[in-house]
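Okay, structure first, notes after.
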Amino acid sequence: MMKLPIFLLLLSLTTQTSLSKVTISVTPTTLQKSGDTVTISWSNVDSPSKLDWLGLYSPPDSPHDHFIGYKFLSSSPSWQSGSGSISLPITNLRSNYSFRIFHWTESEINPKRHDHDHNPLPGTAHFLAESDVVGFESGHGPEQIHLAYTDVEDEMRVMFVVGDGEERSVKWGERDGEWSHVSVARVVRYEREDMCDAPANGSIGWRDPGWIHDGVMKDLKKGVRYCYQVGSDSKGWSTTRSFVSRNGDSDETIAFLFGDMGTSTPYATFIRTQDESISTMKWILRDIEAIGDKHAFVSHIGDISYARGYSWLWDHFFTQIEPVASKVPYHVCIGNHEYDWPLQPWKPDWANAVYGTDGGGECGVPYSLKFNMPGNSSDSTGTRAPATRNLYYSFDTGAVHFVYISTETNFVAGSSQYNFIKQDLESVDRSKTPFVVVQGHRPMYTTSNENRDTPMRNKLLEHLEPLFAKYNVTLALWGHVHRYERFCPVNNFICGSTWKGFPVHAVIGMGGQDWQSIWEPRPDHPNDPIFPQPARSMFRGGEFGYTKLVATKEKLTLTYVGNHDGKMHDMVEFLASGEVLSGDDSISVDAGARIGVVDSTFSWYVKGASVLVLGAFVGYILGYASHSRKQNGNKASWTPVKSEDI
């Protein structure tokens, strides 16, 4: 009777001895800054599976299923031998890291436990080994440095993150090391209890966000390059950065604009990240360096980090944009993935299907505190969370007046935002800024199939398009749809021959996110439809990238730059006289005749929207029928499957 228990005991001891042979090491164990690389090596993994995985944990005492991210050991060429190594750049989360190895097989996949793409999340039942702790040295100064305008032309704001609330400052001058000014930064932070829903307020999504410092450099000369550092004597200073101040006497404007970029991670996590964002930042940095001592800024119009409640992705985002955002102001407006949650305070009946859970429970809190845009717009969240900020504002730079609006909060006639937009547009000094560019997240015009947003587009057309036409908005830029599309000068679905009364609309949500069906069929997305292109749509592109705006008082030029080659793929020019030039040819034909003459009454907004819905439906059916028979290529890792999450 004793033989079976003794056998099981011996088997258990043998198994434990086998598992104890697995070793894991990491070098180095001390890093200086975000982006420094560690190498994790392992050996003696018995009977390796292609699903064995390496988990990243921060803080190190996190439960097994609360990883930051993971990599399959099979990404190492030698994994089948039971040994291998993986090198990863690490982002400073203001807490230490550890790395753990787990055994996992296909038979253990739990279909009920999956990521945002419905790929199974790795199992933690068979823990094999854990590394020593990896940390970051102190004394190297703050990180996540980014600039922004204030409401005063001779100022520049700088924000950054550190691990404590002790006093930090910004010092600046015209030469590196010759600091003529210093200013103490104010400091803010938010807590887990400020989040409104899961996963942001849960133990998996929440990580300490650190302390956000906000300093202002004042009394800047016009158009001068300044050097600056942020930090303190006791805790260390950043390396020297520089920027060119605004020049109100110059009519030249340079801006780099896009939406929906997100961030990239060197590992898989609970939601998809955006690898194309790396190329977007790379090419913009190239362009910034090419203009030398000219002033420029960046405009990111909603869906900023795509953290969606997984707070460490904000750290990745700011680390990724720092080489650009520490050189030029980085301006933003709010998108659905920063804000939307079930109990948001403004949610009229028509918006029930529009506003959902896209913010991952963040309810605008990280967005509101990690950025500080001009103006003082804010909306109460109705919770203990701080008010949502950075909703709508405007500024002049060179020959252009820029207006930022929020499509996630009340914009209809009678609202505070509507009144701001109306008063702002009617007060523009066209002798100083002959061109006006309005930017918001969800588009007023698009030919993509977004049935969920149809009520939103109808309200934008009803309440805001008349203002845009009346006050001669030159260009309206939108994100949300993850492709590039440029329209004719348009008002009430009719194309005109001038931007005066007929603003040009462009969708520029191609910064990095890939949850959107493309205009052309893709081999790896055989079931995604393509949609018909009406006459008012002058150009559509499926290329990731950004737009570049260059203006003087005589002309504004918008170009679309593709990420695969860094070259121009579309261009439109606006003359101060009102003429619009598409590429080399003037848009002189009233394209409205090709889609029917439309009366200037709101009833025709509904008809126009119906045409869009019908066209999108037909395109969906045709696209599905023509592409459903194609086969996906084999993939070595999980395949993203969602295409409608915007």
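Each step along the sequence shown adds one to the number in full-length UniProt numbering, with nothing skipped, and position 117 is 117. Glycine is no exception: its CB is placed at the ideal position from the N, C-alpha and C atoms.
Per DSSP, reduced to three states, the secondary structure at L73 is helical.
In this chain, R168 is not harboured by any alpha helix (DSSP H), its DSSP state being neither H nor E.
Assignment of beta-bridge partners to D214 by DSSP yields M159, R186. Only exposed fits G248, as fewer than 16 other CB atoms lie within 10 angstroms of its CB. For W53, the three-state secondary structure derived from DSSP is strand. Secondary structure of Q439 (DSSP, three-state): strand. The C-alpha of I68 lies about 12 Å from the C-alpha of S203. Annotation: T124 to M159 spans about 39 Å, alpha carbon to alpha carbon. Spatial neighbours of V187 in its own chain (CB-CB distance under 6 Å, excluding positions within 5 residues in sequence) are listed in chain order as G165, W211, H213.
In this structure, the beta-carbon distance from S169 to R241 does not fall below 8 Å.
In the three-state scheme derived from DSSP, where H, G and I count as helix and E and B as strand, W312 is classed as helix. L93 is not bridged by DSSP to any residue.
Just measuring C-alpha positions, the residue of V437, L464, S582 sitting nearest R486 is S582. Taking F258 as reference, the option from S238, I284, E252 with the minimal CA-CA separation is I284. Beta-bridge partners assigned by DSSP to W350: none are found.
For N336, the number of other beta carbons within 10 angstroms of its own is at least 16, and it is reported as buried.
Note on geometry: alpha-carbon atoms of E191 and D208 lie some 8 Å from one another. Straight across, the Cα-Cα distance linking G236 with E137 is about 11 Å. Annotated three-state conformation of N492 is coil, per DSSP.
Just so you know, the alpha carbons of L556 and L575 end up roughly 6 Å apart. As computed with DSSP, M568 is found in a beta bridge with V561. Under DSSP, W237 takes part in a beta bridge, and its partners are G231. If the five residues before and after R225 are omitted, its C-beta is found closer than 6 Å to the C-beta atoms of S242, V244, D293, all from its own chain and listed in chain order. Contact between the stretch 423-438 and the stretch 359-370 is absent, with fewer than three C-beta pairs closer than 8 Å.
When only Cα atoms are considered, A413 and N419 end up about 7 Å apart.
The alpha-carbon of P345 is positioned some 45 Å away from that of F127.
Excluding its 5 nearest sequence neighbours in each direction, T280 has C-beta neighbours in its own chain below 8 Å: F258, M261, G511, G512, F544, G545, Y546, N563, listed in chain order. In the structure shown, L369 adopts helical secondary structure according to DSSP, grouped into three states. According to the DSSP assignment, Q144 belongs to the beta strand (DSSP E) that extends over 143-148.
With the rule of 3 Cβ pairs closer than 8 Å, the stretch 356-363 does not count as touching the stretch 397-404.
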